[in-house]
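Student: Residue numbers (our numbering): 918 to 1309.
Yeah, the Cβ is synthetic: ideal placement off N, Cα and C, and Gly gets one too.
Since we're looking at a predicted model, the values are computed, not measured.
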Ligand SMILES: Cc1cc2nc3c(=O)[nH]c(=O)nc-3n(C[C@H](O)[C@H](O)[C@H](O)COP(=O)(O)OP(=O)(O)OC[C@H]3O[C@@H](n4cnc5c(N)ncnc54)[C@H](O)[C@@H]3O)c2cc1C
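In structure tokens:
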């Protein structure tokens, strides 16, 4: 069977590419349904883009690589498509756009766009050997117990990263890249809760607080959530993408107010109150109890010297924590690293060394922040490859 273009992966990027790649497209996926990650994303409402998406919100060894695709297919283009299908949406916070109704509306929209373009979709299809004779790709596909060879002029690898194997993530994209001699930036879990070996935060499980979390040279001012095994919440998930094993993170628990001057005021007005009682006005009381094991918090607020209050506030503004690890691919929202962008054209997403071979979406070394950026990369890179293939 001969096709113009074979796309491996009916996820966000693969479906977007199929809608734009011109005639003769076959999309294959081993899952039972297309767009499974879209379906579960954003708590079932899909945070499909971000009003403020720009190249600064992406992590890659080459920070310039994402500019071309993001600049040519923007969040406004995707919003226009969503509007064309009359899918109602709202901004939740920080520019994050969600469907009012269901993430399934986005999947249905992409399926309709694929149908309009005449693309075929084979689900529950296993991908076997991939070969290239210099002009055409031959791929062994097994479906309903039958294996057949499919040939195509273009092969688009859109099979995502390694995150959430239970949902069908396999890392096949990296294998295909390696087969064709393309370098890989070592993949690692991103947007993932961090763990602590001694389960020190177990007594705090379920406690949340606003905080600014810094890892490497990036910091995120959102919320943190203590879990049985460590730390989660948007600020921690964001920072996790910048954290490397063995490194320390800094948590600022008092980023939103000038605690020192407020404590000094309390010292004058509520001197007989316990320091812990006053602190519990600013931090969750279970966290204050926990901090008693790390800090001298005895006595009334009136008993605290300026120096003691200063060192307390310094500690709370720069709580140094060394995670033992992360929850890994089991729960990571994305995979950092992937196909090295040096080997791929930023304009077309084509491998520079193999004509007709394309890599799009999460399998490429471009990873977005939390907040709709990863889908925007899938839409933009899928569109860029689709355009290039249609023009070819
Ligand atoms: C729980 C969760 C929530 C998320 N929420 C958001 C959100 O709200 N906003 C946001 O921007 N991002 C979100 N993300 C990230 C986002 O889902 C991904 O970045 C995006 O789906 C990547 O698109 P993709 O097309 O590259 O890969 P995917 O969407 O993962 O698609 C890859 C496809 O390839 C198929 N495949 C894989 N291996 C094989 C194989 N060997 N053979 C055949 N087919 C294969 C898979 O079945 C899948 O259909 C979330 C991720 C998770 C896990």
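Kindly give me the distance between the Cβ atoms of residue 1099 and residue 1256, rounded to whole angstroms, as I take these residues to be in contact under 8 Å.
Tutor: Looking up residue 1099 in the chain shown gives position 182. Looking up residue 1256 in the chain shown gives position 339. With 8 Å as the limit, residue 1099 and residue 1256 qualify as a contact, their Cβ atoms being about 6 Å apart.
Student: Counting beta carbon pairs with one atom in the region 1217-1231 and one in the region 1078-1089, are three or more of them shorter than 8 Å?
Tutor: No, the region 1078-1089 does not touch the region 1217-1231.
Student: Suppose you measure from the CA of residue 1017 to the CA of residue 993; what does that come to, to the nearest Å?
Tutor: For the purposes of this step, residue 1017 is identified with residue 100 of the chain shown, where counting begins at 1. For the purposes of this step, residue 993 is identified with residue 76 of the chain shown, where counting begins at 1. Whole-angstrom Cα-Cα distance: 18 Å.
Student: Find out if the Cβ-Cβ distance for the pair residue 934, residue 1067 is shorter than 8 Å.
Tutor: Here residue 934 refers to the residue found at position 17 when the chain shown is read from its first residue. Here residue 1067 refers to the residue found at position 150 when the chain shown is read from its first residue. Result no, Cβ atoms of residue 934 and residue 1067 do not sit closer than 8 Å.
Student: How far does the alpha helix (DSSP H) with residue 1183 in it reach, from first residue to last?
Tutor: Here residue 1183 corresponds to residue number 266 of the chain shown, with the count starting at 1. Its alpha helix (DSSP H) spans residues 1176-1186.
Student: Within 10 angstroms of the Cβ of residue 1301, are there 16 or more other Cβ atoms? Answer buried if so, exposed if not.
Tutor: On the chain shown, position 384 is the one that residue 1301 refers to. Classification for residue 1301: buried.
Student: Sort out for me which residues DSSP pairs residue 1063 with in a bridge.
Tutor: The residue you call residue 1063 lines up with position 146 of the chain shown. 1060, per the DSSP bridge assignment.
Student: Span of the beta strand (DSSP E) holding residue 1316?
Tutor: The chain is shown from 918 up to 1309; residue 1316 falls before or after that span and cannot be answered.
Student: Output the distance between the C-alpha atoms of residue 1243 and residue 1111, rounded to the nearest integer angstrom.
Tutor: Here residue 1243 corresponds to residue number 326 of the chain shown, with the count starting at 1. Here residue 1111 corresponds to residue number 194 of the chain shown, with the count starting at 1. Rounded to the nearest angstrom, the two C-alpha atoms are 4 Å apart.
Student: Entirely within the region 994-1055 and at least 3 residues each: give me those beta strand (DSSP E) ranges in chain order.
Tutor: Taking only runs of at least 3 residues, the beta strand (DSSP E) segments lying wholly in the region 994-1055 are 1006-1008, 1013-1016, 1037-1039, 1042-1049.
Student: Assuming the contact rule is C-beta atoms closer than 8 Å, residue 861 and residue 1170 should be a hit. Round their C-beta distance to whole Å, please.
Tutor: Residue 861 is absent from the model: the chain starts at 918 and stops at 1309.
Student: In terms of DSSP beta bridges, what is residue 1109 paired with?
Tutor: Residue numbering aside, residue 1109 sits at position 192 when the chain shown is read from its first letter. DSSP output for residue 1109 lists no bridge partner at all.
Student: Tell me whether residue 947 counts as near ligand 1, meaning its Cβ is closer than 7 Å to at least one heavy atom of that ligand.
Tutor: By 1-based counting over the chain shown, the position of residue 947 is 30. Yes, the beta carbon of residue 947 sits closer than 7 Å to at least one heavy atom of ligand 1.
Student: Can you find a heavy atom of ligand 1 that lies under 7 Å from the Cβ of residue 1306?
Tutor: Residue mapping note: residue 1306 aligns to position 389 of the chain shown, counting from 1. False, no ligand heavy atom lies under 7 Å from that Cβ.
Student: Are the region 976-986 and the region 1021-1032 in contact at 8 Å, needing three or more beta carbon pairs?
Tutor: No: fewer than three Cβ pairs fall under 8 Å.
Student: With distances taken from CA atoms, which of 964, 1275, 1124 is nearest residue 1147?
Tutor: Taking the first residue of the chain shown as 1, we reach residue 1147 at position 230. It is 1124.
Student: Given a cut-off of 8 Å on the beta-carbon distance, is the pair residue 1278 and residue 1298 in contact?
Tutor: Counted from its first residue, the chain shown places residue 1278 at position 361. Counted from its first residue, the chain shown places residue 1298 at position 381. In this structure, residue 1298 lies closer than 8 Å to residue 1278 by Cβ.
Student: Would a C-beta distance cut-off of 8 Å place residue 942 and residue 1036 closer than the cut-off?
Tutor: If you number the chain shown from 1, residue 942 lands on position 25. If you number the chain shown from 1, residue 1036 lands on position 119. Closer than 8 Å, so yes.
Student: Would you be able to state if there are at least three C-beta pairs under 8 Å between the region 944-953 and the region 918-928?
Tutor: Counting Cβ pairs under 8 Å, three or more are found: they touch.
Student: My guess is that residue 1241 and residue 1114 are in contact by the Cβ rule of under 8 Å, so how many angstroms apart are they, rounded?
Tutor: By one-based count along the chain shown, residue 1241 stands at place 324. By one-based count along the chain shown, residue 1114 stands at place 197. Correct: roughly 4 Å between the Cβ atoms.
Student: Quick check on residue 1207: does DSSP put it in helix, strand or coil?
Tutor: The sequence position of residue 1207 within the chain shown is 290, counting from 1. In the structure shown, residue 1207 sits in a helix (DSSP, three-state: H, G or I).
Student: For residue 1136, name the three-state secondary structure that DSSP assigns.
Tutor: The sequence position of residue 1136 within the chain shown is 219, counting from 1. In the structure shown, residue 1136 sits in a strand (DSSP, three-state: E or B).
Student: Does the separation of the CB atoms of residue 1131 and residue 1172 fall below 8 Å?
Tutor: Within the chain shown, residue 1131 is the residue found at index 214, counting from 1. Within the chain shown, residue 1172 is the residue found at index 255, counting from 1. Contact: no.
Student: In whole angstroms, what separates the C-alpha of residue 1333 from that of residue 1287?
Tutor: Lying outside 918 to 1309, the shown extent of the chain, residue 1333 is not represented and no answer is given.
Student: Among all the DSSP beta bridges, which residues are the ones paired with residue 1281?
Tutor: Translated into the one-based positions of the chain shown, residue 1281 becomes position 364. In the DSSP output, where bridge partners are listed per residue, residue 1281 has 1256.
Student: Under the criterion of a Cβ to heavy atom distance below 7 Å, does residue 1290 qualify as lining ligand 1?
Tutor: On the chain shown, position 373 is the one that residue 1290 refers to. Checking the Cβ of residue 1290 against ligand 1 gives yes.
Student: Given residue 1102, which residues of its chain have a CB within under 7 Å of its CB, disregarding the five upstream and five downstream residues?
Tutor: Within the chain shown, the letter at position 185 stands for residue 1102. Excluding positions up to five away in sequence, the list reads 978, 1254, 1255, 1257, 1282.
Student: Comparing C-alpha positions only, which one of 1121, 1261, 1185, 953 sits nearest to residue 1145?
Tutor: Residue mapping note: residue 1145 aligns to position 228 of the chain shown, counting from 1. Checking every option, the nearest Cα to that of residue 1145 belongs to 1121.
Student: Please determine, among 1046, 1075, 1045, 1041, the residue with the shortest C-alpha to C-alpha distance to residue 1060.
Tutor: Within the chain shown, residue 1060 is the residue found at index 143, counting from 1. Comparing Cα positions, the closest option is 1041.
Student: So does residue 1018 have its beta carbon nearer than 7 Å to some heavy atom of ligand 1?
Tutor: As a first step, residue 1018 is located in the chain shown; it is residue number 101 there, counting from the start. Every heavy atom of ligand 1 is 7 Å or more from the Cβ of residue 1018, so no.
Student: Just to confirm, does residue 1101 get its C-beta within under 7 Å of one of the non-hydrogen atoms of ligand 1?
Tutor: The count along the chain shown starts at 1 and reaches residue 1101 at position 184. No, Cβ of residue 1101 sits at least 7 Å from all heavy atoms of ligand 1.
Student: Straight-line CA distance for residue 1007 to residue 1032?
Tutor: Along the chain shown, one-based indexing puts residue 1007 at 90. Along the chain shown, one-based indexing puts residue 1032 at 115. Each residue's alpha carbon lies about 27 Å from the other.
Student: Kindly list the residues whose CB is nearer than 8 Å to the CB of residue 1205, restricted to its own chain and excluding five residues on each side of it in sequence; keep chain order.
Tutor: What you label residue 1205 is simply residue 288 of the chain shown in a count that begins at 1. Correct list, in chain order: 1193, 1196, 1197, 1214.
Student: Give me, in chain order, the residues of the same chain whose beta-carbon lies closer than 8 Å to that of residue 1105; leave out the 5 immediate sequence neighbours on both sides.
Tutor: Indexing the chain shown from 1 puts residue 1105 at position 188. Around residue 1105: 1252, 1253, 1254.
Student: From what residue to what residue does the alpha helix (DSSP H) around residue 1200 run?
Tutor: Within the chain shown, numbered from 1, the residue matching residue 1200 stands at position 283. From DSSP, residue 1200 is part of no alpha helix (DSSP H); its letter is neither H nor E.
Student: Is residue 1070 near residue 921, with beta carbons less than 8 Å apart?
Tutor: Counting from one through the chain shown, the residue named residue 1070 turns up at place 153. Counting from one through the chain shown, the residue named residue 921 turns up at place 4. Contact: yes.
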